[in-house]
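Novice: Let me give you the structure first, and then I'll get to my questions.
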Amino acid sequence: MNTARMTKYLLEHDRPNCIGCAACVAVNPKHWAMNDDGMSDIINAPHRPDGWQELEIDEEDLEANKEAAQACPVNVIHLKNKGTGEKII
Ligand code: SF4
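69 is the number that this note's numbering gives to position 22 of the sequence shown; each next residue is one higher, with no gaps.
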């Protein structure tokens, strides 16, 4: 069974509510970096008109981003299964 490899996930950052603590960057520097405005960014992810960012990620990047989300003290990092819409965190 390697269907899990095909699964896509949506990583979302509620940037307007980010407090810029940098925990996500410490946990997952592959996907997270601090921005000059004092908040973090999902690296190479577009900024939506509502101020959030979103990025489609693969299964292999799920665990590291789940850890970043769990490290966030204000819970502004979200993950969902793109196919089913199931909220992971
Ligand atoms: S851990 Fe959360 S609050 Fe801290 S910089 Fe990252 S997204 Fe922002």
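Each residue gets a CB set at the ideal place from its N, CA and C atoms; glycine is no exception.
So that I know if they touch, is there some Cβ in chain D lying closer than 8 Å to that of M81?
Specialist: The chain inventory of the structure shown lacks chain D, comprising one protein chain alone.
Novice: Below 8 Å, how does it come out for the segment 68-79 and the segment 113-123: are there three or more Cβ pairs, yes or no?
Specialist: Yes, the segment 68-79 is in contact with the segment 113-123.
Novice: Tell me whether the beta-carbon of E106 lies closer than 8 Å to the beta-carbon of L57.
Specialist: The residue you call residue 106 lines up with position 59 of the sequence shown. The residue you call residue 57 lines up with position 10 of the sequence shown. Not closer than 8 Å, so no.
Novice: Determine the contact status of A80 and I66, defining contact as a CB-CB distance below 8 Å.
Specialist: As a first step, residue 80 must be located in the sequence shown, where it is residue number 33. As a first step, residue 66 must be located in the sequence shown, where it is residue number 19. No, the pair does not count as a contact, with Cβ atoms beyond the cut-off.
Novice: State the Cα-Cα distance for the pair R62 and I136, rounded to the nearest angstrom.
Specialist: Translated into positions along the sequence shown, residue 62 becomes position 15. Translated into positions along the sequence shown, residue 136 becomes position 89. Whole-angstrom Cα-Cα distance: 16 Å.
Novice: Is H78 a contact residue of the ligand SF4, with contact defined as CB to any heavy atom under 7 Å?
Specialist: The residue given as residue 78 occupies position 31 in the sequence shown. No, the Cβ of H78 stays beyond 7 Å of every heavy atom of the ligand SF4.
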